[in-house]
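Let me begin by presenting the structure, written as structure tokens, before commenting on it.
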Amino acid sequence: MIILVINCGSSSIKYQLLDMKNDDVYDLLAKGLVEKIGLPMGALTHRPTGKDKVYKELPIADHKIGMQLVLDELINPVSGVLKSFDDIEAVGHRIVQGADYFSGSAIVDEDVMEKIGICCDFAPLHNPAHILGIRAVQQVLPSVPQVVTFDTAYHQTMPEYAYMYALPYEYYTKYRVRRYGAHGTSHQFVAQKGAKFVGLDLENSKIITCHIGNGSSVTAIVNGKVVDTSMGFTPLEGMIMGTRCGNIDPNIVPYIMKKENLTPDQMTDIMNKKSGFAGLSGISSDARDLDAAANEGDKRAKLVLKKLTYDVIKLIGSYVAAMDGVDAIFFTAGIGENNARFRRRVCENLTYLGVKFDYEANAVSGKDTLLSCPDSKVKIALITTDEELVIARDTMHLVQNMDE
Ligand code: ADP
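For the sequence shown, this note's numbering gives the first residue as 1277, with consecutive numbering after it.
This is the structure in structure tokens:
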């Protein structure tokens, strides 16, 4: 089944075209990115498998025009990979926020669209863009079924005491303020693949997944079901991230707002886009730049890297306590998959769990690898994530069932 996977941001469209033979066997036909939608000059990067990359700069007024550009590129006689639009059998979308409406992926219909619309309140940067993307596909490919996969869905199994905040209860009933989590497709994929990889029965296991990238979250999973996760009502909560502050004393927010005379939107922007690695180091939001600066002796870069490790160590410790033990800890995403020094620093602090870290195996990047010695009480592994594959799988299953 040929499936187009779409990840729409407020000014971008990322896409992958996959030919799914079954859950595990597929061909990547093409992937690419439309950027700077709505700006005076936009760009399209299209990477067809086995053919030359295409890069075009042109104004892209809105998501519909962006989507049309992608589809035209897919059937272009030179750079395309399909004969016609009719070859696309389904489209799957990544949706950041599904709140407590969705505990799994869904076929798009008007009811689903309405609920994604209600969730715009909780993800104002992302959900409106997702809606634009779905509507654009409806206009350009009206007869193709569409599926939505939610970053929040996997976390819906959390118990009430883990997802409730100790605020007046009416803020939950009136405004649905609670922990929803994020990166759910990644945590689910990594827990399933990781359990198989290290020889654990997922249905009978205690796993901690560490998705550490530009955005980062850690999740506790018992018998395949999430019991807690570090991101909260929005993806701002939890550990330090590239540009997000993670946990801070909530009283800091009104304090800084008064001191600096800031509006709520300005403060939100500072906590989401100007904090984290970038804000604390004053150098960069990218861990590679901080590694380089730390190697040169930069104190604030060292502080950021120390805090990154410390936050993860604390989250792991709290989830071991919450689960009363742990069988496996998996590292994934940009930093988790590629930064050996980060993984070593975290695992050096896990000796209390009986972790025996395999330092030699750790000299690896972007490849599923066991990082613990055979006599380690807890299995540690690098497990690569693939959110697009989860979306394509879910899309294939739901559309196949629809046909039956
Ligand atoms: P996003 O959350 O935007 O998907 P990623 O998961 O790609 O982000 O993570 C970005 C982070 O991962 C950056 O801090 C970057 O330094 C790090 N990273 C990504 N690729 C590599 C690499 N090949 N080597 C070292 N670090 C990497």
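Cβ atoms here follow ideal geometry from the backbone N, Cα and C, with glycine treated the same way. Just so it is clear, the structure is predicted and the values come from calculations on it, not from any experiment.
Item, Value
"Extent of the continuous alpha helix (DSSP H) to which Q1344 belongs", "H1339 to I1351"
"Where Y1628 falls, given that 16 or more other Cβ within 10 Å makes a residue buried", "exposed"
"Length of the line joining the Cα atoms of M1317 and K1332", "10 Å"
"L1638: CB within 7 Å of a non-hydrogen atom of the ligand ADP", "Rather than Leu, the amino acid found at residue 1638 in this sequence is Asn. No; taking the cut-off as 7 Å, the Cβ of N1638 has no heavy atom of the ligand ADP nearer than that."
"DSSP three-state assignment for I1364, whether helix, strand or coil", "coil"
"Residue range of the beta strand (DSSP E) that includes P1324", "G1318 to P1324"
"Euclidean distance between Cα positions of A1412 and V1666", "22 Å"
"DSSP three-state assignment for K1643, whether helix, strand or coil", "coil"
"Contacting residues, own chain, Cβ-Cβ under 8 Å from G1558 (five flanking each side not counted)", "R1576"
"Nearest-angstrom Cα separation, counted from K1632 out to A1319", "48 Å"
"Burial state of A1337, where buried means 16 or more other Cβ atoms lie within 10 Å", "exposed"
"Residue from A1570, T1585 and K1590 whose Cα sits closest to the Cα of K1578", "A1570"
"Inter-residue spacing [alpha-carbon to alpha-carbon] between L1476 and K1482", "9 Å"
"N- and C-terminal bounds of the alpha helix (DSSP H) containing Q1373", "Where Q1373 is concerned, there is no enclosing alpha helix (DSSP H), given that its DSSP letter is neither H nor E."
"Sequence-distant residues of its chain with Cβ nearer than 7 Å to Y1291 (five each side left out)", "L1280, V1281, I1282, K1307, G1308 and V1346"
"Distance between V1453 and F1553 (C-alpha atoms, nearest Å)", "27 Å"
"Cβ neighbour criterion (16 or more within 10 Å) applied to T1461", "buried"
"Cutoff 6 Å; reference A1366; Cβ partners in own chain excluding five residues on either side", "I1279, P1421, T1671 and V1675"
"Buried/exposed call for E1436, threshold 16 Cβ in 10 Å", "exposed"
"Interface flag, N1677 vs chain B, CB-CB below 8 Å", "Looking at the structure shown, chain B is missing, and only one protein chain is on hand."
"Supposed close pair V1372, A1458 - CB separation, criterion 8 Å", "7 Å"
"The ligand ADP heavy atom lying under 7 Å from the CB of I1611", "yes"
"Through-space distance from L1334 to G1285, alpha-carbon basis", "18 Å"
"DSSP-derived helix/strand/coil call for H1487", "strand"
"DSSP three-state assignment for E1446, whether helix, strand or coil", "helix"
"Coil, strand or helix - Y1441 by DSSP", "coil"
"Through-space distance from L1647 to M1389, alpha-carbon basis", "43 Å"
"Contact belief for S1492 with Q1432 at Cβ below 8 Å, rounded distance in angstroms", "That pair is no contact at about 21 Å."
"Cβ separation of G1630 and S1652, assumed to be a contact under 8 Å, to the nearest whole Å", "7 Å"
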